[in-house]
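For the protein sequence lines, the chains are A and B, in the order given.
Read left to right, the first sequence gives residues 440 to 554 (the numbering used here).
Read left to right, the second sequence gives residues 1468 to 1578 (the numbering used here).
From the three backbone atoms N, C-alpha and C, an ideal C-beta is built for every residue, glycine too.
Notes to accompany the following structure.
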Amino acid sequence: ETGVTQTPRHLVMGMTNKKSLKCEQHLGHNAMYWYKQSAKKPLELMFVYSLEERVENNSVPSRFSPECPNSSHLFLHLHTLQPEDSALYLCASSQDTAVSTDTQYFGPGTRLTVL
Amino acid sequence: GESVGLHLPTLSVQEGDNSIINCAYSNSASDYFIWYKQESGKGPQFIIDIRSNMDKRQGQRVTVLLNKTVKHLSLQIAATQPGDSAVYFCAVQYQGGKLIFGQGTELSVKP
Chain A
440 ETGVTQTPRH LVMGMTNKKS LKCEQHLGHN AMYWYKQSAK KPLELMFVYS
490 LEERVENNSV PSRFSPECPN SSHLFLHLHT LQPEDSALYL CASSQDTAVS
540 TDTQYFGPGT RLTVL
Chain B
1468 GESVGLHLPT LSVQEGDNSI INCAYSNSAS DYFIWYKQES GKGPQFIIDI
1518 RSNMDKRQGQ RVTVLLNKTV KHLSLQIAAT QPGDSAVYFC AVQYQGGKLI
1568 FGQGTELSVK P
């Protein structure tokens, strides 16, 4: 158990739906991350938050909208997604982002299918 | 830009044998390297890390070797067990939390 939880674990949605993914970390960390893992591709960093401020937005389409209300919670709001957005969405946390050696700990992911 | 690549997408070993998974990186300024294990239905799990001022680090049944001259990283698993079956990723981490992953090697352990 890594101390990072994600809900839901599985989500099927149509292209016109609006849904949200939730991540919670119980490690007392200050930084949280969203990654996308598609089949046959390396994990792709989407967003980085440090102390509830977004510090990295890796050219992600606006149909993905992150929200970090506090350092323990991270959301990814989804709207008008495309079938190619189907993937495993992983959340991670680390102590901070300032030190390059702060290990990132991952949640189990949300398996998203867009019909 | 930075890239991280793995040499083999799959590796099959006999239970009890040693496993070696290789990885190459492109940025000679890279400072921090991590190996993750991802089992089916789970997120990546930290295994072991190494900084660029070291060339070897050992954990429990795992060893990471770093060759900065040729920008090569390897993970050695001793006495591989069925529970070691998973996808293994090497990753390079930079300041700001930017983590660049390789494609992954799927390790299968035959009983």
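So which residues of chain A does residue i contact, with C-beta pairs closer than 7 Å?
i               : result
residue 1498(B) : 539
residue 1543(B) : The contacting residues do not exist; residue 1543(B) stays about 20 Å from chain A at best.
residue 1548(B) : Ordered by position in chain A, no residue passes the 7 Å Cβ test against residue 1548(B), which lies about 21 Å from the chain.
Name the chain A residues that come within less than 8 Å of residue i, Cβ to Cβ?
i               : result
residue 1555(B) : Ordered by position in chain A, no residue passes the 8 Å Cβ test against residue 1555(B), which lies about 13 Å from the chain.
residue 1569(B) : 481
For residue i, go through chain B and note every residue whose CB falls closer than 9 Å to its CB, in chain order.
i              : result
residue 487(A) : 1563, 1564, 1565
residue 545(A) : 1503, 1505, 1509, 1510, 1511, 1512, 1513
residue 467(A) : Here the premise fails: no neighbours, minimum Cβ distance about 16 Å.
Listing by chain order, which chain B residues have their CB less than 8 Å from the CB of residue i?
i              : result
residue 442(A) : What residue 442(A) touches in chain B: nothing, since even the nearest Cβ is about 11 Å away.
residue 446(A) : Going along chain B, no residue has its Cβ under 8 Å from residue 446(A), so there is no contact; the nearest lies around 13 Å.
Cβ closer than 7 Å: which chain B residues qualify as neighbours of residue i?
i              : result
residue 551(A) : Going along chain B, no residue has its Cβ under 7 Å from residue 551(A), so there is no contact; the nearest lies around 14 Å.
residue 455(A) : Per Cβ cutoff of 7 Å: no residues; residue 455(A) is ~29 Å from chain B at best.
Round the Cβ separation of residue i and residue j to the nearest angstrom and send it over; I've been treating them as touching at under 8 Å.
i               : j               : result
residue 493(A)  : residue 481(A)  : Not a contact, Cβ separation roughly 22 Å.
residue 1538(B) : residue 1495(B) : 6 Å
residue 1547(B) : residue 1486(B) : 5 Å
residue 475(A)  : residue 528(A)  : 6 Å
residue 1554(B) : residue 1572(B) : 7 Å
So, is residue i buried or exposed, given that buried needs 16 or more other C-beta atoms within 10 angstroms?
i               : result
residue 1569(B) : buried
residue 1562(B) : exposed
residue 1511(B) : buried
residue 1484(B) : exposed
residue 1505(B) : buried
residue 442(A)  : exposed
residue 487(A)  : buried
residue 536(A)  : buried
residue 478(A)  : exposed
residue 1542(B) : buried
residue 455(A)  : exposed
residue 516(A)  : exposed
residue 1522(B) : exposed
residue 451(A)  : exposed
residue 490(A)  : exposed
residue 533(A)  : buried
- Query: Can at least three beta-carbon pairs, one atom from the stretch 1486-1500 of chain B and one from the stretch 511-530 of chain A, be found at a separation below 8 Å?
  - Reply: no
- Query: Using Cβ-Cβ distances below 7 Å, what residues of the stretch 510-536 of chain A are close to chain B?
  - Reply: The residues in question are 529, 533, 536.
- Query: Taking contact to mean at least 3 C-beta pairs separated by less than 8 Å, is the stretch 534-550 of chain A in contact with the stretch 447-465 of chain A?
  - Reply: yes
- Query: According to a CB-to-CB cut-off of less than 7 Å, which residues of the stretch 1517-1540 of chain B neighbour chain A?
  - Reply: 1518
- Task: Could you list the residues in the stretch 478-509 of chain A with a C-beta less than 7 Å from some C-beta on chain B, going in chain order?
- Result: When C-beta distances to chain B are compared with 7 Å, the residues of the stretch 478-509 of chain A below that value are 481, 482, 484, 487, 494, 495, in chain order.
- Say whether the stretch 1486-1493 of chain B touches the stretch 453-466 of chain A, bearing in mind that this needs 3 or more beta-carbon pairs closer than 8 Å, one atom from each stretch. In short, these stretches do not touch, since the Cβ pair count stays below three.
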